[in-house]
Amino acid sequence: MGLWNWIVSKISGKGSSLNAINSTRMITLDPFLIANNANKEANSTYMSCINAYQKALSKIKPTLFYKGKPEDSDPTNYLLQVKPNKVQNAVNFWKQVAFSYFANNVAAIWLEWNYGGRIPILKSLYCIDVTATNFEIKELDGNIYYQFNLNDKTIVSKSDEMIILVNSPSLQNPYVKNNEALNMLVNTINANYEGLQKVLKLANVVRFIAQSTQPLKPEDLQKRQQQISDQVAKVDGSGIFYIDNSQSIQQVTNQAKWATPDDVKIMNSEIYSYFGIPEAVVKGQAADDIYQAWVEQSIEPITMELEDELNSKLLTKTEREFGNKYLIDASKIYTASLTHRIQLSNALVASGGYSYNEIRKILGLELVSDDNNKFIERIDRVDTSQNNDEANQNNKEVSEDE
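Numbers given in our numbering equal positions in the sequence shown, counted from 1, plus 155.
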């Protein structure tokens with residue numbers, strides 16, 4: 156919970172970790188190996204894949220639980236679910252995190268703590284632009300620090316005040332591995348579209364070449380060009396105009412070659428494969444089973460990574476030992492039809508062994524705080540004798556009244 160910086164601030168008598176750290180003694184380390192997005196962001200398929208992840212992860216709801224029970228009154232839940240900072244709501248914040256995670260391969264979240272009270276209090280969360288030139292990783296006395304600018308201020312933050320989410324880490328770099336195959340693929344697609352644009356521009360500019368049999372002076376050449384242009388513009392409905400044998404007109408035909416629709420489709424499928432997302436999901440046409448498989452394969456690992464970071468950065472060891480834990484409710488990500496959800500819920504209820512909250516999660520309903528891991532019993536195991544006795548007693552009272 157940023158306890159180190161809180162202790163340092165108390166000892167030094169200063170109110171923030173930035174003032175307590177002597178940044179002049181720091182050693183600058185190798186930066187994140189950031190993916191190059193200069194050409195990728197011009198590709199519609201690339202951006203559509205990222206947009207699909209942004210929409211899905213914007214629905215997450217990180218919640219603090221105590222012994223399996225959500226702590227609705229905890230102020231941190233408000234930051235994670237409603238208003239992480241002064242300028243963003245939670246939906247836009249998690250969209251920004253998702254974009255940085257997939258576009259830059261790294262998402263960095265700064266945890267701003269208030270160290271002025273008896274215990275540190277989380278004040279806000281900011282997604283930091285890791286591509287900025289002022290974002291640096293530094294080392295001092297064996298500790299890792301992150302330096303960046305935020306709201307025209309230079310922030311130096313210790314690693315326990317940063318949530319770092321990494322996509323595709325490698326042994327060479329502890330943070331991320333850039334995908335050169337994807338860079339080459341996107342560049343090829345973009346080059347194809349750029350070629351098409353140039354062909355269309357030239358087709359509208361140069362359509363005919365006029366050639367004279369005799370060399371002309373520059374001024375005469377300009378005059379002859381204007382004459383031919385005026386002559387063509389005044390052609391009547393017959394579509395015919397006359398020139399003498401001192402000049403010839405040749406139509407410009409385009410011989411350029413570019414990728415066929417099938418070629419582009421194959422290249423786009425490689426982008427879908429890189430992101431691990433079916434094309435049907437991007438276009439909003441995925442069946443329930445396809446969408447479910449994508450969420451389990453590609454979304455859940457991200458939410459699990461975020462849960463680990465939240466539990467290690469927002470909770471102390473003692474708090475975790477007492478049963479506190481951050482869990483991410485991702486039920487709103489699932490877009491299965493209501494009919495399918497009801498069928499699944501009925502099957503699970505009939506089998507028994509599932510809690511009320513587990514069933515409510517499948518149905519896309521809010522979790523209840525008084526669930527306390529109560530399990531729903533199978534219908535064939537419910538003791539109905541008491542209900543039958545009550546019914547017989549009611550019938551007997553009715554008969555006596557008559």
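Beta carbons are placed, not taken as given, at the ideal position from N, Cα and C, and that holds for glycine.
Lysine 195 and tyrosine 511 have their C-alpha atoms some 45 Å from each other. In the DSSP secondary-structure assignment, proline 225 is bridged to Phe220. The C-alpha of glutamine 386 is placed about 15 Å away from the C-alpha of glutamine 405. Within the DSSP bridge table, the entry for aspartate 484 names Lys216 as partners. Nearest C-alpha to valine 252 among Asn322, Gly431, Asp399: Asn322. Boundaries around glutamate 474 are those of the alpha helix (DSSP H), 472-476, since no beta strand (DSSP E) includes it. In this structure, leucine 320 places its C-beta atom within 8 Å of the C-beta atom of glutamate 460.
Excluding five sequence positions before and after lysine 487, the CB atoms of its chain that fall closer than 6 Å to its own CB belong to Lys214, given in chain order. Pairing asparagine 198 with serine 506, the inter-Cα distance amounts to about 48 Å. When the Cα atoms are used, threonine 288 and proline 433 turn out to be separated by approximately 35 Å. For the set Tyr201, Arg515, Trp249, Pro416, the Cα lying nearest the Cα of asparagine 342 is the one of Tyr201. Counting along the chain, glutamine 251 sits inside the alpha helix (DSSP H) bounded by residues 245-258. For the set Gly271, Asn269, Gln302, the Cα lying nearest the Cα of aspartate 284 is the one of Gln302. The segment 307-321 makes contact with the segment 255-263: 3 or more CB pairs, one atom from each, lie closer than 8 Å.
Secondary structure of phenylalanine 430 (DSSP, three-state): helix. Taking a cut-off of 8 Å on C-beta distances, the segment 424-433 touches the segment 443-453, as three or more cross pairs fall below it. In the structure shown, lysine 420 adopts helical secondary structure according to DSSP, grouped into three states. For valine 523, no alpha helix (DSSP H) run applies, since DSSP gives it neither H nor E. Residues Gln209, Ser213 of the same chain have their beta carbon placed closer than 6 Å to that of lysine 250, with the five preceding and five following residues left out of the count.
Boundaries for lysine 293: no alpha helix (DSSP H) harbours it, while the beta strand (DSSP E) harbouring it runs 291-295, taken from the DSSP string. According to DSSP, residue pairing for methionine 317 in a beta bridge involves Trp265.
Under DSSP, serine 500 forms no beta bridge with any residue.
CA-CA distance, lysine 516 to isoleucine 205, rounds to 26 Å. Contact annotation: the segment 373-382 does not touch the segment 218-235, with fewer than three C-beta pairs closer than 8 Å.
Around the beta-carbon of leucine 277, 16 or more other beta-carbon atoms lie within 10 Å, marking it buried. With a 10 Å radius around the Cβ and a threshold of 16 neighbouring Cβ atoms, valine 237 comes out exposed.
When C-alpha distances from proline 217 are compared across Glu462, Tyr300, Asn247, Ala258, the shortest belongs to Glu462. Linking glycine 271 to leucine 522 through their CA atoms gives a straight-line distance of about 34 Å.
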